[in-house]
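Below is one structure; the comments refer to it alone.
Put into structure tokens, the structure is as follows:
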């Protein structure tokens, strides 16, 4: 059995933008805010991060900055840990997408309105939770074969939800209600039998 310490990146520019400036972040590659760096620094010396055999990170800058702020160890970057793609919406303000006639159904049609929190519906050109869980399962199946006892993974809210779903056999509803704050470490056990 392997312990995984899951860490959501510190506050990013995408997290900080509010109101009319709020954007669909997804894989939009944005830096940490000063607050995000402070959140990451607050994890330095945290007992939950003792005896880490390997550090993994998504390939997005906000996770790499978080990991490099917490540790001076080498970071293994893996694209399978990147945030869920929001496709054509990424980097656009929520207000501009709402006003675009091509996307009106995502704000008026109940079938499409849940695109941000669905295992089946997705933004155009994007991913849903089912897609993310599939690539995360692939990552975990590879990881479980490694000779590690404890691994830190710096990643994203959606990815952490999917890891917890897979390892704890959560329902879709339980998965979507599972919340993780920025730089809040969560410990879970990776067992080979949980991946089948």
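Numbering (our numbering), first residue to last: 812 to 1007.
Here a beta-carbon is modelled for each residue, glycine too, at the ideal position from N, C-alpha and C.
In terms of CA proximity to residue 904, 828 leads the group 828, 981, 997, 999. Taken through DSSP and simplified to helix, strand or coil, residue 984 comes out as helix. CA-CA distance, residue 863 to residue 833, rounds to 36 angstroms. Across the structure, residue 861 and residue 945 are spaced so that their CA atoms are roughly 30 angstroms apart. Here residue 996 is near residue 817, since their CB atoms are less than 8 angstroms apart. Residues 895, 969, 973 of the same chain have their beta carbon placed closer than 6 angstroms to that of residue 943, with the five preceding and five following residues left out of the count. Runs of the alpha helix (DSSP H) spanning 4 or more residues and lying entirely within the stretch 843-912 occur at 845-852, 872-881, 905-910, in chain order.
Secondary structure at residue 922: coil, using DSSP grouped into helix, strand and coil. Measuring C-alpha to C-alpha distances from residue 855 to each of 881, 871, 839 identifies 881 as the nearest.
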